[in-house]
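Residue numbers (the working numbering): 1 to 94.
Think of the CB as a built atom: it goes at the ideal place given N, C-alpha and C, for glycine as much as any other residue.
Remember, predicted model here, so these are calculated numbers, not experimental data.
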């Protein structure tokens, strides 16, 4: 390996830039408590509603009784998460 600077195709000298500790995410990450609630309701829905397809359909579509999309409500607050958990339990019994 040479200590000479890299050259571009046009012959211009350019310094090599490396970023060994580059950020992997460019957008804001979900807070840990929100992620925990998301995982909790997703797992509960998966178990009680009969699998992946049923859980995804419930969590990602607007629910009239909850007044919103269950996954959004669960992630937004503890109260929303509890309401979604109750709705999943009620739907599983029905």
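In whole angstroms, what is the alpha-carbon distance linking residue 90 and residue 48? Here residue 90 refers to the residue found at position 90 of the chain shown. Here residue 48 refers to the residue found at position 48 of the chain shown. Whole-angstrom Cα-Cα distance: 10 Å.
According to DSSP, is residue 51 helix, strand or coil? Position 51 of the chain shown, counted from the first residue, corresponds to residue 51. If DSSP states are grouped into helix, strand and coil, residue 51 belongs with coil.
Quick check on residue 39: does DSSP put it in helix, strand or coil? To locate residue 39, count along the chain shown from 1; it is residue 39. Three-state DSSP puts residue 39 in a helix.
Applying the 10 Å Cβ sphere with the 16-neighbour rule, what's the burial state of residue 67? Here residue 67 is taken as the residue at index 67 of the chain shown, counted from 1. That one is exposed.
Which of the three DSSP states is assigned to residue 80 in this structure? Translated into positions along the chain shown, residue 80 becomes position 80. In the structure shown, residue 80 sits in a helix (DSSP, three-state: H, G or I).
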